[in-house]
DNA sequence: GCTTGACCCTCACGCGACGTCAGCCCGCAG
DNA sequence: CTGCGGGCTGACGTCGCGTGAGGGTCAAGC
């Protein structure tokens, strides 16, 4: 049944038995993880039964994803196997969720590439109204095209599909509604409600478009009262809202120490 | 709002804006993936707006898990993005299932390590009867301990927990039942039914214990009629079964061309 | 004008587990 | 004696940077 060649196997035979490559066995020898007890006079590696046992354990641990050094520890009796198993499990599950997120990101990108992204500005106009026309986009490019924030924003929104823009719009509407509510209930821009709305505003831009520090946020607030187009947008929602928003943003920025 | 330093950003600024390290930018420069258009007279890298745009795209692709070389291709306009996305998705999902299997393997190993593996031979005796006692195991070790097959078998069964052994027993019973049915219905060992049972037998050992080629399988069949203990086991199931099994194994081996 | 500290530069090795030559040796069959 | 199928030992390549080492640059404060 066994070819009893003195019970010593050469690398090739061992490699085939355990479904690993010869190079792998060489490597294990190099790093001292598995050194065959014997060598033929010609220098051939000869594996004994105990070597095979050790290799069997190594192969099992490798399938469990352990590193070679870690395996060496375990074989030396140092370290608790159960603890290593737990750590490994934790690491693998972490990687699993990362990969799952990657898949959804890829699906997202695929959808976007397949033509699900808003055709030019058509659908965006439907969503955001006529204030969002080509001339606006062109001017924005003109004014901010060379800022990092604009670049970042372009990179992120490039993969937004219609559903994303709908979420963006919903969030934006919610923030505006919060501002209007605070204003109309007579609360000052320094009230918690107004400042919370300002913070929500900052987060919205930060999450959806580009990183916004508190000072950058104040820059935006300033613009809302100095740039006629932005002022108009806010005034259409409620009289005095543009200035109110700016003040709330300033108060919120001051609130952060 | 923007610090307009001639619209040229240094590595540090760019790195912070895109949440990458300076080293990464150096690396992209080294491999020619992103070479800043300009350098200061002191040799400082100066990134222009178009450099930032390119970097933005690179960062997005990186998040999607593409390799740098692949990204270079895409940026050069070679290769279809959608196709790359699909390939990437396929690769990631493959890796996902691998990792899922790894987790179950780890859970398995954990269960086994936590004491769920059969205490010595107690539970095995319950399952397999008294034929499975220590003297048997010792003798097996004695006879086959130095064969690769034995080593492989030990490595695999070492992580078997009670549930695994129950599955093993169920499979074994099913195979034996098939042999008995074929024998008692008067079909010859060369019948399809008998040969199929032999093949199931080989697969069972192959999957649960160690790799079994057809010739090795015939070696086992031979042993069933020459080793009294094995013969007895089969004869207890049905008179003449040991010889019948051997013949079926030989027929099945011959069937494979 | 000088020092300080924060940045920037260019090498160049390290990582993890082998894959992949290259150049050479051994043993056995014809 | 000559192949041919192994086995041997270097040693470099992989992938995307991390991490020093050793040394300039620049704006600010003294």
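Protein chains in written order, with the UniProt record's numbering: chain E, 1 to 257; chain Y, 1 to 257.
Yeah, the Cβ is synthetic: ideal placement off N, Cα and C, and Gly gets one too.
Because the structure is a prediction, the values reported are computed rather than measured.
Cβ separation of residue i and residue j, assumed to be a contact under 8 Å, to the nearest whole Å
i	j	result
residue 47 of chain E	residue 9 of chain E	5 Å
residue 170 of chain Y	residue 182 of chain Y	Their Cβ separation, rounded to whole angstroms, is 19 Å, which puts residue 170 of chain Y and residue 182 of chain Y out of contact at 8 Å.
residue 245 of chain Y	residue 179 of chain Y	6 Å
residue 103 of chain E	residue 96 of chain Y	7 Å
residue 14 of chain Y	residue 52 of chain Y	7 Å
residue 85 of chain Y	residue 113 of chain E	6 Å
residue 165 of chain Y	residue 127 of chain Y	6 Å
residue 23 of chain E	residue 36 of chain E	So it is not a contact: roughly 15 Å between Cβ atoms.
residue 99 of chain E	residue 99 of chain Y	7 Å
Sequence-distant residues of its chain with Cβ nearer than 6 Å to residue i (five each side left out)
i	result
residue 256 of chain E	214
residue 153 of chain E	209, 210
residue 59 of chain E	18
residue 201 of chain E	175
residue 189 of chain E	244, 247, 248, 251
residue 79 of chain Y	73
residue 11 of chain E	22, 25, 45
residue 2 of chain Y	With a pLDDT of 38 at residue 2 of chain Y, under the threshold of 50, the predicted position of this residue should be treated as unreliable, though the coordinate-derived value follows. Same-chain partners within the cutoff: there are none.
residue 177 of chain Y	none
residue 264 of chain E	What the structure shows of chain E is the stretch from 1 to 257, and residue 264 of chain E is not part of that stretch, so it cannot be assessed.
residue 101 of chain Y	none
Same chain, Cβ closer than 8 Å to residue i, five either side skipped, listed in chain order
i	result
residue 185 of chain E	193
residue 199 of chain E	252
residue 50 of chain Y	37
residue 172 of chain Y	204
residue 54 of chain Y	34, 75
residue 216 of chain E	149
residue 56 of chain E	18
residue 156 of chain Y	208, 209, 210
residue 7 of chain Y	48, 49
residue 66 of chain Y	74, 84, 88
residue 191 of chain E	182
residue 315 of chain Y	The shown model of chain Y, from 1 to 257, leaves out residue 315 of chain Y, and the question about it has no answer.
Those residues which DSSP pairs with residue i across a bridge
i	result
residue 47 of chain Y	Y:9
residue 30 of chain E	Beta-bridge pairing links residue 30 of chain E to no other residue.
residue 38 of chain Y	Y:46
Residues near residue i in its chain [Cβ-Cβ closer than 7 Å; skip 5 each side]
i	result
residue 241 of chain E	179, 180, 183, 234, 235
residue 250 of chain Y	218, 221
residue 212 of chain Y	202, 205, 206
residue 4 of chain Y	With a pLDDT of only 41 at residue 4 of chain Y, under the threshold of 50, the placement of this residue in the model should not be trusted, and no figure is reported.
residue 64 of chain Y	88
residue 149 of chain E	210
residue 40 of chain Y	46
residue 42 of chain Y	none
residue 195 of chain E	248, 251, 252, 255
residue 70 of chain E	84
residue 90 of chain E	none
residue 187 of chain Y	193, 194
What residues in the segment 74-104 of chain E have a beta carbon less than 8 Å from any beta carbon of chain Y? 81, 82, 85, 86, 88, 89, 92, 93, 95, 96, 99, 100, 102, 103
Residues within the segment 30-58 of chain Y neighbouring chain E, beta-carbon criterion of under 9 Å: 48, 49, 52, 53, 55, 56, 57
Three-pair Cβ contact test at 8 Å for the segment 229-237 of chain E versus the segment 10-18 of chain Y: no
Near-chain Y residues of the segment 171-182 of chain E (beta-carbon distance less than 8 Å), N- to C-terminal order: none
Proximal residues, the segment 228-239 of chain E versus chain Y, C-beta separation under 8 Å: none
Segment contact, 8 Å Cβ cut-off, at least three pairs: the segment 217-231 of chain Y with the segment 28-39 of chain E: No, the segment 217-231 of chain Y is not in contact with the segment 28-39 of chain E.
Under 8 Å, CB to CB, which of the residues in the segment 59-70 of chain Y have a partner in chain E? 59, 60, 63, 64, 65
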